[in-house]
Structure formats: structure tokens, C-alpha cells
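What follows is one structure encoded as C-alpha cells, with my remarks underneath.
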Amino acid sequence: MTEHSTHLISSDKPIVTVSSVDYRNAMSHFAGAVHIVTTDGVKNRRGVTISACCSLSDNPPTVLVCLMRQHEENRIFIENEKFCVNTLAGHHKNLSDIFAGRGGLSQEQRFLQAEWGTLRTGAPVLSDALVALDCQLVGWHIHATHYVLIGEVVAVKTHPGIDALMYLDRNYRTLPLI
Ligand SMILES: Cc1cc2nc3c(=O)[nH]c(=O)nc-3n(C[C@H](O)[C@H](O)[C@H](O)COP(=O)(O)O)c2cc1C
Numbered sequence: 011m012t013e014h015s016t017h018l019i020s021s022d023k024p025i026v027t028v029s030s031v032d033y034r035n036a037m038s039h040f041a042g043a044v045h046i047v048t049t050d051g052v053k054n055r056r057g058v059t060i061s062a063c064c065s066l067s068d069n070p071p072t073v074l075v076c077l078m079r080q081h082e083e084n085r086i087f088i089e090n091e092k093f094c095v096n097t098l099a100g101h102h103k104n105l106s107d108i109f110a111g112r113g114g115l116s117q118e119q120r121f122l123q124a125e126w127g128t129l130r131t132g133a134p135v136l137s138d139a140l141v142a143l144d145c146q147l148v149g150w151h152i153h154a155t156h157y158v159l160i161g162e163v164v165a166v167k168t169h170p171g172i173d174a175l176m177y178l179d180r181n182y183r184t185l186p187l188i
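For the sequence shown, our numbering begins at 11 and goes up steadily by one.
Encoded structure:
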């Protein structure tokens, strides 16, 4: 057993699960932050709107991101070995839609809709993101329909004091700081 291996539990008994539809309905009650995860490097620049991102540990600072395998281009995140999680603010609703593919813009056109910089890895950093976590890819797994990326955070940039963009009940919400 190595420290970084994947361990899947197998069972002789069939596992009874809920249907995808019931699961999606249940998950619609999860309030989630919205991010654009970006990459650049040996392969093309790419950005994707996601909610499946969470903190994995603070030592070393590590995040976990899940990306659909159905979109072949998501492989670019693995090939570039770097990514940046750009957490969106309340005013980024339209940008979130653009990077979710709504409107059908090309990746290059999508990046033209906002200002970007870089931190350490070279992955695109949204200039007015609530927070940007610049990550070196340190591991990845395939689990069923998704890639699970594990990134060590090598630089951060924050814009405190602005509202957060959330996704709840299949709609965007703005979470004010009160
Ligand atoms: C609020 C929201 C959250 C999303 N979360 C994820 C996610 O966690 N992982 C993922 O792979 N796709 C997620 N998506 C879907 C992708 O954004 C979408 O499939 C992709 O960007 C389509 O890109 P394309 O037009 O370049 O193919 C989410 C979309 C929205 C609107």
C-alpha cells in the first residue's frame, strides 16, 4: 500500500444506490460556491465553470477538483500539470455561464470576456476573482465519469469584501457579506 494509491472497496453483494435523477435532485439542495478552473501550458488554455471543488488539507495546502471525462478537452488539465481555481464573486454570473459553454463561444473568445493574469504556475488568474488558488497538479484519478484532480496550492490571491456567487436549487444566488 502506497501513500498515494487509490483503494476501491469491492463487494460480492450488489450495492443498491439511488437513481441519478434522485441524486441530482438531492444535490440541488447543496449550496455550492462557483469557480472557473483554468489551465495553460504545453497544451491549450482552457477554463471550465465548476462547483465540484473542495479543500483537501492545509498541510500541504491542497484542493480537490472533479471534472467530467465526457468533455475530452478536460484531459488538458492533466497534461498541463497545473490549474488555477478562480472563485467567482456575485457579479460573475454571466462569466460563469460563458465558461459553462452557454452561448457557444470558443475557449479563446471566453477568455476575452474578462481580465486575466498569472501567479506562479502560469494558469490564468481571473483579475477580480474572490480568491484564486494557483495549483501544481500532484495527483489525479479516474472515478467512473469523472477525473479527480488533486492540486497543491503554490500561490493565492484574494479580493476580500465582495459578495460570493453561489449555486443552489439549480440557480445562481448572490451571498452578501451583510
Ligand atoms: C454552476 C455549474 C457548476 C458546474 N460544475 C461542474 C463541475 O463541478 N465539474 C464539471 O466537469 N463540470 C461542471 N459544470 C459543467 C461545465 O461547466 C460544462 O460542462 C463545460 O464547461 C462545458 O464546456 P464546453 O462548452 O467547452 O464543452 C458546471 C456548470 C455549472 C453551470
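Ideal Cβ positions, reconstructed from N, Cα and C, are used throughout, including at glycine.
- At least one heavy atom of ligand 1 is found less than 7 Å from the C-beta of TYR177.
- In the structure shown, HIS45 falls within a strand segment according to DSSP collapsed to helix, strand and coil.
- A straight-line Cα-Cα distance of about 16 Å links LYS167 and ASP173.
- DSSP places SER106 in the uninterrupted alpha helix (DSSP H) bounded by 103 to 109.
- Taking a C-beta distance under 8 Å as the contact criterion, LEU77 and LEU159 qualify as a contact pair.
- With 16 or more other Cβ atoms from the protein chains shown falling within 10 Å of its own Cβ, PRO134 counts as buried.
- Non-local beta-carbon contacts of THR155 in its own chain, meaning distances under 7 Å to residues more than five positions away in sequence, involve MET78, ARG79 and GLN80 in chain order.
- No heavy atom of ligand 1 is found nearer than 7 Å to the CB of LEU74.
- In this structure ALA139 is in contact with HIS169, their Cβ atoms being roughly 7 Å apart against a cut-off of 8 Å.
- At least one heavy atom of ligand 1 falls within 7 Å of the beta-carbon of HIS81.
- No residue range can be given for ALA139, since it is assigned to no beta strand (DSSP E) and is classified by DSSP as neither H nor E.
- Burial is judged here by how many other beta carbons sit within 10 angstroms of a residue's own beta carbon; ASN90 has at least 16 and is buried.
- Just so you know, the alpha carbons of VAL52 and ARG120 end up roughly 20 Å apart.
- For PHE40, no alpha helix (DSSP H) encloses it, and the DSSP letter there is neither H nor E.
- Secondary structure in the stretch 58 to 96: the beta strand (DSSP E) runs of 3 residues or longer, each lying completely within the stretch, are 63 to 68 and 71 to 78 in chain order.
- Annotated three-state conformation of GLY113 is coil, per DSSP.
- Boundaries of the beta strand (DSSP E) harbouring LEU178: 174 to 178, taken from the DSSP string.
- Proximity of the beta carbon of THR59 to ligand 1 is indicated: a heavy atom of the ligand is located closer than 7 Å.
- Burial of LEU147 is indicated by the presence of at least 16 other C-beta atoms within 10 angstroms of its C-beta.
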